[in-house]
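Novice:
Numbering (the working numbering), first residue to last: 4 to 281.
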């Protein structure tokens, strides 16, 4: 039995989500409960009150866990837990333990974290595009960049860019001056992808195969980590929904820019979906 103490909370005053959150906390071994409190940066071990409960619910939401009745039932079903008859919707020690494992999973550090596979990298290259194999200005205007390399250029909104969309390694002075090889361009792209790779590792709490992971990296690189974090795609994945259904339903939602459907985004989302399901 848990040795966690309730302080200042009345079950009858709590809503559905709060009661489920409290059930998880009370059914954890004391050591695991205190690990949760440390993660939430709370000092008093062994005690759950209003602050602990509120922070714990926010932590669950951040991890994509739905603590409504429907969410708890879906979580139990996805994890093969008994959920019929008197057990339906009940959070006991076994269920609480699995919630703990999901919540406390830690992404690998960026330097040694999981990286996009070759199929995903080629997908990103295709849609980001490799530009400026020809000088567009200056004394070499119209000439091909030597040795099959590329030069820096201004993108459509006048941002200095090189290779597959890198903007961190060039300035306006580098446009049509700085030249890099295709290998250097690929290394810049891999470096740019690192933040998206780490975001997927951090935000998705269920196991992914290499193609699923790489499709989500492309999605996140294109749209930003905030889009993945707020998406129902992430929430449904972490909840354990059917992945074919998720891929068919969710990728196609992200094809608008300025309120208009863009053909390029439609093609990219389809390619990401296809990679995810392959």
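Glycine included, C-beta positions come from ideal geometry on N, C-alpha and C.
1. Compare the C-alpha of residue 19 against each of 240, 144, 92 and name the closest.
2. Can you look up residue 119 in the DSSP assignment and give me helix, strand or coil?
3. Which runs of the alpha helix (DSSP H) fall wholly inside the region 41-82 and span at least 4 residues, in chain order?
4. Looking only at its own chain, which residues have a Cβ that is under 7 Å from the Cβ of residue 1, when we skip the five neighbours before and after it?
5. Considering only the alpha carbon of each residue, which of 191, 189, 10, 218 lies closest to residue 202?
6. Residue 56 and residue 12 - do their beta-carbons sit closer together than 8 Å?
7. What residues match up with residue 264 in a beta bridge as DSSP calls it?
8. According to DSSP, what are the bridge partners of residue 157?
9. Check the C-beta distance from residue 220 over to residue 196 and give it rounded, since I have them as a contact under 8 Å.
10. In whole angstroms, give me the CA-to-CA distance for residue 114 and residue 90.
11. Is residue 12 helix, strand or coil when you go by DSSP?
12. Excluding sequence positions up to five away, which residues of its chain have a Cβ less than 6 Å from the Cβ of residue 170?
13. Please work out which residues of its chain come closer than 6 Å, Cβ to Cβ, to residue 215, disregarding the five sequence neighbours upstream and downstream, and give them in chain order.
14. Where does the unbroken alpha helix (DSSP H) through residue 188 begin, and where does it stop?
15. Beta-carbon separation of residue 77 and residue 262 under 8 Å?
Specialist: According to the data block:
1. If you number the chain shown from 1, residue 19 lands on position 16. Of 240, 144, 92, the residue nearest in Cα terms is 92.
2. Within the chain shown, the letter at position 116 stands for residue 119. The answer is coil: DSSP assigns residue 119 none of H, G, I, E or B.
3. 53-65, 72-81
4. As displayed, the chain neither begins before 4 nor continues past 281, which places residue 1 out of reach and without an answer.
5. Taking the chain shown and counting its residues from 1, one reaches residue 202 at position 199. The shortest Cα separation from residue 202 among 191, 189, 10, 218 belongs to 218.
6. Here residue 12 refers to the residue found at position 9 when the chain shown is read from its first residue. Here residue 56 refers to the residue found at position 53 when the chain shown is read from its first residue. Cβ atoms of residue 12 and residue 56: closer than 8 Å.
7. On the chain shown, position 261 is the one that residue 264 refers to. 259.
8. As a working note, residue 157 is residue 154 in the chain shown. Residue 157 is bridged to 163.
9. Translated into positions along the chain shown, residue 220 becomes position 217. Translated into positions along the chain shown, residue 196 becomes position 193. With a Cβ gap of about 6 Å, residue 220 and residue 196 count as contacting.
10. Position 111 of the chain shown holds residue 114. Position 87 of the chain shown holds residue 90. Interpretation of residue 114 is limited by its pLDDT of 45, a score under 50 that renders its predicted location unreliable; the figure taken from the coordinates is listed afterwards. Each residue's alpha carbon lies about 44 Å from the other.
11. By 1-based counting over the chain shown, the position of residue 12 is 9. Annotated three-state conformation of residue 12 is coil, per DSSP.
12. As a first step, residue 170 must be located in the chain shown, where it is residue number 167. 162, 164.
13. Locating residue 215 in the chain shown gives position 212, where the first residue counts as 1. Closer than 6 Å at the Cβ level, and outside the excluded window around residue 215, lie 279.
14. The residue you call residue 188 lines up with position 185 of the chain shown. Per DSSP, residue 188 belongs to the alpha helix (DSSP H) from 185-206.
15. Against the chain shown, residue 77 aligns to sequence position 74. Against the chain shown, residue 262 aligns to sequence position 259. No.
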